[in-house]
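There are 2 protein chains.
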Amino acid sequence: MISASLEDYLEFVHNTILEKKEIKAIDISKAFNISRPSVSEALIRLADMDLIIYEGRKGIKITKKGIEQAQKTVKKHKILSDFFTEILKIDREQAEKNACKIEHVIDDEIIEKMKKYKESKLENNEQS
Amino acid sequence: MISASLEDYLEFVHNTILEKKEIKAIDISKAFNISRPSVSEALIRLADMDLIIYEGRKGIKITKKGIEQAQKTVKKHKILSDFFTEILKIDREQAEKNACKIEHVIDDEIIEKMKKYKESKLENNEQS
DNA sequence: ACATTTTGTTAGGTTTACCTTACTATGTAT
DNA sequence: ATACATAGTAAGGTAAACCTAACAAAATGT
Chain A
9 MISASLEDYL
19 EFVHNTILEK
29 KEIKAIDISK
39 AFNISRPSVS
49 EALIRLADMD
59 LIIYEGRKGI
69 KITKKGIEQA
79 QKTVKKHKIL
89 SDFFTEILKI
99 DREQAEKNAC
109 KIEHVIDDEI
119 IEKMKKYKES
129 KLENNEQS
Chain B
9 MISASLEDYL
19 EFVHNTILEK
29 KEIKAIDISK
39 AFNISRPSVS
49 EALIRLADMD
59 LIIYEGRKGI
69 KITKKGIEQA
79 QKTVKKHKIL
89 SDFFTEILKI
99 DREQAEKNAC
109 KIEHVIDDEI
119 IEKMKKYKES
129 KLENNEQS
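Protein chains in written order, with the working numbering: chain A, 9 to 136; chain B, 9 to 136.
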């Protein structure tokens, strides 16, 4: 099982690669406000788990396994954050912040029910 | 700030004292499946934070500050678990399990909105 | 081309939350 | 009363996730 911290970093690696085609260790350091050595260490652990391929300055690549992992987290994040904003009327910033923490501990079944609930709620609103 | 583990132990101390009038270190050890030395260590940390008064075999007492802390956690736990069962139709066991983890990371504002949401939903159901 | 800045690594340290092994003190049972 | 079991402590260890200081390599600016 992957830790919350590593999951966060992997999610960021994934999102950044999608957005900007590449990512460097320093980007993670800046994004999460952690030291460069801590990023090195984390990337080595992610590589040990075959979630990324890390070759120092040569770049960070995400593996198939890593993409699958990251997508699961991204999906949870999105459903949580949408549920919070659209159903509970939480402001975006706070919804995002809480999604970031809850995505690491919540079960898939609850996420699925949140998604279904939101969908059925929005259908009803369209009819009214 | 208190850690998730310590918050769990404090919550259990509080609930057990309410239920059975007293609690021993060994009870925590059994409930959370952690070693006796780990419990000792945790209780010392809780005592350092003035959340409990710990005098070894003489017993564990919870302070005013500890009760307040524990009640906050219990409240979050209950609102989460009720929201999951009543709104999202999650079964009790899974709702409890997830509440246990989410209660440590979720903001008060979201908890409040969940509570309000559930209350207004139940009102509507009474009318229909 | 050379100096400076940027990026990453090494080495060593801290804290939290666990663990095991071994010891001590307390309670119980006969 | 003594032997045994239970509860707690002491000592020492591990792994994760962070840190700083110092160094090395690479990229950039002039």
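We treat Cβ as the ideally placed atom computed from N, Cα and C, and that holds for glycine.
Just to confirm before moving on: does the CB-CB distance between residue i and residue j stay below 8 angstroms?
{"i": "L54 (chain A)", "j": "L18 (chain A)", "result": "yes"}
{"i": "T81 (chain A)", "j": "E15 (chain A)", "result": "yes"}
{"i": "L130 (chain B)", "j": "Y125 (chain A)", "result": "no"}
{"i": "K69 (chain B)", "j": "I60 (chain B)", "result": "yes"}
{"i": "K86 (chain B)", "j": "I114 (chain B)", "result": "no"}
{"i": "E120 (chain B)", "j": "I98 (chain A)", "result": "no"}
Can you list, in chain order, the residues of its chain with a C-beta nearer than 8 angstroms to that of residue i? Leave out the 5 residues immediately preceding and following it.
{"i": "I52 (chain A)", "result": "Y62"}
{"i": "S46 (chain A)", "result": "S37"}
{"i": "Q77 (chain B)", "result": "I10, E15, L18 and L59"}
{"i": "Q102 (chain B)", "result": "F92"}
Between the C-alpha atoms of residue i and residue j, what's the straight-line distance to the nearest angstrom?
{"i": "A104 (chain A)", "j": "G67 (chain B)", "result": "A small correction: the amino acid at residue 104 (chain A) is Glu; Ala does not occupy that position in the sequence shown. Each residue's alpha carbon lies about 43 angstroms from the other."}
{"i": "K28 (chain B)", "j": "A39 (chain B)", "result": "15 angstroms"}
{"i": "M57 (chain A)", "j": "H112 (chain B)", "result": "27 angstroms"}
{"i": "R65 (chain B)", "j": "A12 (chain B)", "result": "25 angstroms"}
{"i": "V21 (chain B)", "j": "M9 (chain B)", "result": "18 angstroms"}
{"i": "T93 (chain A)", "j": "I75 (chain B)", "result": "32 angstroms"}
{"i": "I110 (chain B)", "j": "I110 (chain A)", "result": "6 angstroms"}
{"i": "I42 (chain A)", "j": "L26 (chain B)", "result": "42 angstroms"}
{"i": "Q79 (chain A)", "j": "N23 (chain A)", "result": "9 angstroms"}
{"i": "D90 (chain B)", "j": "I34 (chain A)", "result": "43 angstroms"}
{"i": "K32 (chain A)", "j": "R100 (chain A)", "result": "28 angstroms"}
{"i": "N132 (chain B)", "j": "E49 (chain B)", "result": "49 angstroms"}
{"i": "S128 (chain A)", "j": "E127 (chain B)", "result": "19 angstroms"}
Please tell me whether, using a cut-off of 7 angstroms, the distance from the CB of residue i to the nearest non-hydrogen atom of the ligand COA is below it.
{"i": "G74 (chain B)", "result": "In the structure on display, the ligand COA does not appear, and there are no ligands present to speak of."}
Grab me the residues of residue i's own chain with a C-beta within less than 6 angstroms of its C-beta, minus the 5 sequence neighbours each way, in chain order.
{"i": "A107 (chain B)", "result": "H85, L88 and S89"}
{"i": "M122 (chain B)", "result": "I87 and F91"}
{"i": "R44 (chain A)", "result": "S37"}
| said: If the cut-off is 7 angstroms on Cβ atoms, which residues from the region 97-123 of chain B count as contacting chain A, listed in chain order? | reply: Interface annotation for the region 97-123 of chain B against chain A: K97, I98, Q102, N106, K109, I110, V113, I114, D115, E117, I118, K121 and M122, criterion Cβ-Cβ distance under 7 angstroms.
| request: Pull out every residue of the region 16-43 of chain A whose Cβ sits closer than 7 angstroms to any Cβ of chain B, in chain order. | output: If the cut-off is 7 angstroms between Cβ atoms, the region 16-43 of chain A has nothing near chain B.
| said: Can you pull out the residues from the region 54-83 of chain A whose beta carbon lies closer than 7 angstroms to at least one beta carbon of chain B? | reply: If the cut-off is 7 angstroms between Cβ atoms, the region 54-83 of chain A has nothing near chain B.
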